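Asks:
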Amino acid sequence: NSPTAELQRADAAHHMHPFTHGQGLNDRGARVITRAEGCWLNDSEGNRILDAMAGLWCVNIGYGRRELAQAAARQMEELPYYNTFFQTTHVPAINLAARIAELAPGDLNHVFFASSGSEANDTNLRLVRTYWAEKGQPERQWVISRWNAYHGSSVGSGSLGGMKGMHTQGGMPIPGIAHIDQPDWWSEGGDMTPEDFGRARAKQLEDKILELGPENVAAFIAEPVQGAGGVIVAPDTYWPEVQKIVDKYGILLIADEVICGFGRTGRWFGSETVGIRPDIMTIAKGLSSGYQPIGGSVLSDEVASVISGTEFNHGYTYSGHPVACAVALENLRILDEEGVVDRVASDTGPYLKERFESLTDHPLVGEAKIVGMMGSLALTPDKASRAAFASEAGTVGYITRERCFANNLIMRHVGDRMIISPPLVISREEIDVLIERAWQSLDEAHEELKA
Ligand code: PLP
Numbered sequence: 007n008s009p010t011a012e013l014q015r016a017d018a019a020h021h022m023h024p025f026t027h028g029q030g031l032n033d034r035g036a037r038v039i040t041r042a043e044g045c046w047l048n049d050s051e052g053n054r055i056l057d058a059m060a061g062l063w064c065v066n067i068g069y070g071r072r073e074l075a076q077a078a079a080r081q082m083e084e085l086p087y088y089n090t091f092f093q094t095t096h097v098p099a100i101n102l103a104a105r106i107a108e109l110a111p112g113d114l115n116h117v118f119f120a121s122s123g124s125e126a127n128d129t130n131l132r133l134v135r136t137y138w139a140e141k142g143q144p145e146r147q148w149v150i151s152r153w154n155a156y157h158g159s160s161v162g163s164g165s166l167g168g169m170k171g172m173h174t175q176g177g178m179p180i181p182g183i184a185h186i187d188q189p190d191w192w193s194e195g196g197d198m199t200p201e202d203f204g205r206a207r208a209k210q211l212e213d214k215i216l217e218l219g220p221e222n223v224a225a226f227i228a229e230p231v232q233g234a235g236g237v238i239v240a241p242d243t244y245w246p247e248v249q250k251i252v253d254k255y256g257i258l259l260i261a262d263e264v265i266c267g268f269g270r271t272g273r274w275f276g277s278e279t280v281g282i283r284p285d286i287m288t289i290a291k292g293l294s295s296g297y298q299p300i301g302g303s304v305l306s307d308e309v310a311s312v313i314s315g316t317e318f319n320h321g322y323t324y325s326g327h328p329v330a331c332a333v334a335l336e337n338l339r340i341l342d343e344e345g346v347v348d349r350v351a352s353d354t355g356p357y358l359k360e361r362f363e364s365l366t367d368h369p370l371v372g373e374a375k376i377v378g379m380m381g382s383l384a385l386t387p388d389k390a391s392r393a394a395f396a397s398e399a400g401t402v403g404y405i406t407r408e409r410c411f412a413n414n415l416i417m418r419h420v421g422d423r424m425i426i427s428p429p430l431v432i433s434r435e436e437i438d439v440l441i442e443r444a445w446q447s448l449d450e451a452h453e454e455l456k457a
């Protein structure tokens, strides 16, 4: 037996995989990833795989940066752990919070740390309700979110999300969360122009606020570009309307920047790319490029001052973990000093966009949408009518994903959309490999569908 088969047997026997446990592994075992460098993964069978997903949308800086390992080692030797409860603090948390405040737009100057996006969104849920209670409006409890959004897997953040499959398990959603539709013109726009559709979907927010009563609504949460829902890029008319509506009713806007943050959209934050002014941002993933688990909520001066005026009974043992903070700081230093975000905006990003959009020449691909370095292909049997496949939704996406996998390219499928979110350091040559392998995999899927 090969070591890989042994590993796969033990994996299947003892290791429960998030989301895919019991399905999706078919007769092949899980692929055992052993090393990684830049945009490339090695597996236990000696394959080199191009990771067009940056892990789970997080390894913005690419794999194998020694500086980050060294920052972790130094911090572990000096102060491996201390908490930030009860009026103690430490240098890595101070420096990281200050650096995030510098980078964040507007007056988002205050960071409440967590270890993940899920935890940070749980923080947000409690935080916005506490904010309104402190302002003397405790009835403002409702948080509005969007169907098909992903905001995490904890009970709070999973309820905030709009993944219907998650809402059928384990007592979710919790009360006080309402959902409106996503601005997905390709699948849901019907005969409308994208512009009219964008306005109509924004109008749903106002309708929902009026239905619940504006005096009962605390916040609206959304990703600037919806990632795990399928890289749903809203029509240009959507966000300006949303900003007007939250302003009109004085509702807090939470931008979930867990994927969009730290350069993914070609600016430091997706809020800047789509032109919104959030009161709170959720951050995680690219903050440390995934080298350490860390996330947080970034609060405006006004929200922070209200929360600081009360006892906010909330926090995590690992809030502001010194090793995670030290690694995140080093990650932000490199992203900045190497001009990674600027390159996404002005060089490799536009190149990727041009190459990615050329995939619409493939017979299976209807729409290609890409912002910075997050993109999706809508697969369709008929481009003109934007039709869905007759097969169960996601079947063709799954087949294509498997073909990519066999061709040593990691792409993800969300239903019948194919997703990319590569490390931000991907080169032009690597972009060419990505597109070639994607095209080949689409061809093979196309052939398989005809057979
Ligand atoms: N928010 C968004 C937009 C995400 O994409 C994710 C994870 O994919 C989360 C929150 C949850 O983050 P985590 O998995 O770190 O808990």
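Position in the sequence shown counted from 1, then plus 6, gives you the UniProt record's numbering. Don't be surprised by glycine CBs; every beta carbon is placed ideally from N, CA and C. All values reported here derive from a predicted model rather than from experimental measurement.
(1) Is it the case that the CB of T288 approaches a heavy atom of the ligand PLP more closely than 7 Å?
(2) Is the separation between the beta-carbon of G112 and that of R283 shorter than 8 Å?
(3) For A79, does the count of other Cβ atoms within 10 angstroms reach 16, so buried, or fall short, so exposed?
(4) So, with DSSP's three-state summary, where would you put F362?
(5) With hydrogens ignored, establish whether the beta-carbon of A11 is closer than 7 Å to any heavy atom of the ligand PLP.
(6) At what residues does the alpha helix (DSSP H) containing H21 begin and finish?
(7) Taking the beta strand (DSSP E) that S151 belongs to, which residues open and close that run?
(8) Figure out for me which residue from G61, V38 and I67 has the closest Cα to the Cα of N53.
(9) Determine the direct distance from the alpha carbon of A77 to that of S122, and round the result to whole angstroms.
(10) Looking at the ligand PLP, does it come within less than 7 Å of E229, judged from the CB to the closest heavy atom?
(11) Let me know if A103 comes out buried or exposed under the rule of 16 or more other beta-carbons within 10 Å of its beta-carbon.
(12) Look at the Cβ atom of V309, then the Cβ atom of I286, and state whether they are nearer than 8 Å.
(13) By alpha-carbon positions, which one of F411, G372, S352 and H452 ends up nearest to A394?
(14) What residue ranges within the segment 41-129 form continuous beta strand (DSSP E) runs of no fewer than 3 residues, ordered along the chain?
(15) Following a CB-centred definition, is A234 positioned closer than 7 Å to any heavy atom of the ligand PLP?
(16) Would you kindly work out how many angstroms separate the C-alpha atoms of R132 and N66, rounded to a whole number?
(17) In three-state DSSP terms, what is H368?
(18) By how many angstroms is the C-alpha of G301 removed from the C-alpha of E125?
(19) Put I289 into one of helix, strand or coil per three-state DSSP.
(20) For W418, which residues does DSSP report across the bridge?
(21) Which runs of the alpha helix (DSSP H) fall wholly inside the segment 273-329 and span at least 4 residues, in chain order?
(22) Looking at S50 and the ligand PLP, is the gap between the Cβ and the nearest heavy atom below 7 Å?
(23) Among residues of its own chain, excluding the 5 on either side of H419, which ones have a beta-carbon nearer than 8 Å to its beta-carbon?
(24) Quick check on DSSP: helix, strand or coil for residue 5?
Replies: In this structure, then:
(1) yes
(2) yes
(3) exposed
(4) helix
(5) no
(6) Taken as a continuous stretch (DSSP letters only), H21 belongs to no alpha helix (DSSP H), as it is neither H nor E.
(7) W148 to R152
(8) V38
(9) 20 Å
(10) yes
(11) buried
(12) yes
(13) G372
(14) 46-49, 54-57 and 114-120
(15) yes
(16) 29 Å
(17) coil
(18) 8 Å
(19) strand
(20) Sequence check: residue 418 is Arg here, not Trp. According to DSSP, R418 bridges with I425.
(21) 276-280 and 307-314
(22) no
(23) G400, G403, Y404, T406, R407 and I425
(24) For the chain, the structure presents residues 7 to 457; residue 5 sits outside this window and is missing.
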